[in-house]
Ligand SMILES: Cc1ncc(COP(=O)(O)O)c(C=O)c1O
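Residue numbers (the numbering used here): 1 to 429.
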């Protein structure tokens, strides 16, 4: 009846959706599923955000596409205080989720895209939707899946990308799917490569405040501010994914800002009015709100570290996490044993774990790895965030003294998932 345009007909249902459907089917049958596939921050909406949203429920008019000035001023102050990044409200565009900001930017920018592998699923699909030529930067386990200047250089040479032509480099740190991030000196080295090869950087820093070990996040914009567009929003550290408020911070360049705004004005018009007014509250930096973000981050850190240690103890290759709430473990050293069970790709591995061990994960292939790379993306958020936050705030010392006991108390399903993964892996030998 309806012929679909060839521009979207290539989009197939992702393995993510197929796995989620399988999870639901298993749950309907009454089976317990340990869901390490779904990556949504589980913490409650802070009461002050709820109050601000209620108080602005009467805001019904269309607002400027760029976002209201009072919110953009608040965001500018937030970035100055939290990251020592100074920008003016004119450099900020508020969008219905950072995903939209990223899509519009990819649409607006000329040049081919250099995309790390592994990287978050949506980048490659968005790039294809806007018909952008994409070159993968195949990072290695040994480099903690980080992009290096050498990798950039090799990719530029391999694809004979002309020096003078603008090229787009996408970076995401702390990373979904790896939980790794860049140090200040690594960012400085990447910034040198940015100038050398005429790149512009799309810097997805949505997990910036979920950084572990008390480390502060640094942005590549500190080193190449005129070449960097930062993406951020309220979805992760303030657990407000469904509120749909994201943003881009651009260099002082009217051409690109106006192009994105023109595109936004013809498509999504503006971010929802009550959400924009609420967000003024969410971008405040008083002690109470910053403590809320720190508490949630500490819980992410404790649970994700716990899972990483359990995996390492079970003989699974995995990096110590540095941020976000993901791990990217690797079963490549069990290739032969897994092949005997018919598991030859990361998708086979994810389905095998779901069908036989009731553990849901996502295959590395969804994140741009080759299908034969036996990696999985694990999210560490299958627990009740309200309960976890309450327990943590009642007894903060426990997390330092006995993190295992804390995780056992707040995240029994995550603990059980680790037991399952351990038993599965030890059975391979
Ligand atoms: C790396 C990364 N960037 C962007 C997003 C999307 O964020 P938003 O809710 O702001 O669209 C996600 C969400 O999963 C993500 O993991």
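All C-beta atoms in this analysis are idealised placements derived from N, C-alpha and C, irrespective of residue type, glycine included.
Query: Rounded to whole angstroms, what is the Cα-Cα separation between residue 397 and residue 76?; Result: 35 Å
Query: Near residue 382, which residues of its chain fall below 6 Å by C-beta distance, leaving aside the five closest residues on each side in sequence?; Result: 35, 413, 414
Query: Where in the region 173-257 do unbroken runs of the beta strand (DSSP E), each at least 3 residues long, occur, reported from the N-terminal end onward?; Result: 199-204, 228-233, 246-249
Query: In chain order, which continuous runs of the alpha helix (DSSP H) of length 4 or greater are located wholly inside the region 92-133?; Result: 98-108, 121-129
Query: Measuring CB to CB, does residue 322 end up less than 7 Å from residue 212?; Result: yes
Query: Let me know the alpha helix (DSSP H) ranges lying completely inside the region 31-58, each 4 residues or longer, listed in chain order.; Result: 47-55
Query: Report whether the distance from the Cβ of residue 97 to the nearest heavy atom of ligand 1 is below 6 Å.; Result: yes
Query: Work out the CA separation of residue 65 and residue 247 for me, nearest whole Å.; Result: 12 Å
Query: List, from N- to C-terminal side, the alpha helix (DSSP H) runs of 4 residues or more that fit wholly inside the region 299-366.; Result: 335-340, 346-357
Query: Since I believe residue 171 is in contact with residue 192 (beta carbons under 8 Å), could you give me their beta-carbon distance rounded to a whole number of angstroms?; Result: With a Cβ gap of about 14 Å, residue 192 and residue 171 do not count as contacting.
Query: In the DSSP assignment, the alpha helix (DSSP H) including residue 377 goes from what residue to what residue?; Result: Taken as a continuous stretch (DSSP letters only), residue 377 belongs to no alpha helix (DSSP H), being part of the beta strand (DSSP E) at 376-379.
Query: Under three-state DSSP, which class holds residue 167?; Result: strand
Query: What are the boundary residues of the alpha helix (DSSP H) that residue 157 is part of?; Result: 149-158
Query: Distance check for residue 153 and residue 376, CA to CA, integer angstroms please.; Result: 28 Å
Query: Is the separation between the beta-carbon of residue 232 and that of residue 206 shorter than 7 Å?; Result: yes
Query: Using CA coordinates, which residue listed in 391, 373, 361, 386 is at the minimum distance from residue 17?; Result: 361
Query: Kindly identify the DSSP beta-bridge partner or partners of residue 138.; Result: 117
Query: Ligand 1 heavy atoms versus the CB of residue 235: any closer than 6 Å?; Result: yes
Query: Taking the continuous alpha helix (DSSP H) assigned at residue 82, which residues delimit it?; Result: 69-83
Query: Check each candidate in 308, 298, 328 and name the one with the smallest Cα separation from residue 178.; Result: 328
Query: Below 6 Å, is the gap between the Cβ of residue 172 and the nearest heavy atom of ligand 3?; Result: Only ligand 1 can be found as ligands here, which leaves ligand 3 out of the picture.
Query: Taking 6 Å as the line, does the beta carbon of residue 93 fall inside it for any heavy atom of ligand 1?; Result: no
Query: Under a three-way DSSP split, which group does residue 66 fall into?; Result: coil
Query: Quick check on residue 28: buried or exposed, where buried means 16 or more other Cβ atoms within 10 Å of its Cβ?; Result: exposed
Query: Which residues mark the beginning and the end of the alpha helix (DSSP H) in which residue 60 is found?; Result: Segment: none, residue 60 is in no alpha helix (DSSP H) and carries neither H nor E.
Query: From the DSSP output, in three-state form, read off residue 269 for me.; Result: coil
Query: Is it the case that the CB of residue 368 approaches a heavy atom of ligand 1 more closely than 6 Å?; Result: no
Query: Go ahead and pull the three-state DSSP assignment for residue 297.; Result: helix
Query: Which first and last residues belong to the alpha helix (DSSP H) in which residue 412 is found?; Result: 412-426
Query: Between the region 36-55 and the region 275-289, do three or more beta carbon pairs fall short of 8 Å?; Result: yes
Query: Compare the Cα-Cα distances from residue 432 to each of 243, 358, 405, 317 and report the closest residue.; Result: Residue coverage of the chain in this structure runs from 1 to 429, which leaves residue 432 outside it and unanswerable.
Query: Could you give the residue range of the alpha helix (DSSP H) that holds residue 386?; Result: 385-394
Query: Taking the C-alpha atoms as reference points, what is the distance between residue 105 and residue 298?; Result: 33 Å
Query: For the putative contact between residue 210 and residue 79, defined by C-beta atoms under 8 Å, what is the C-beta separation to the nearest angstrom?; Result: Rounded, the Cβ-Cβ distance is 16 Å, inconsistent with contact.
Query: Could you give the distance in angstroms between the alpha-carbon of residue 87 and the alpha-carbon of residue 228?; Result: 12 Å
Query: Give the DSSP-derived three-state secondary structure of residue 277 in the structure shown.; Result: helix
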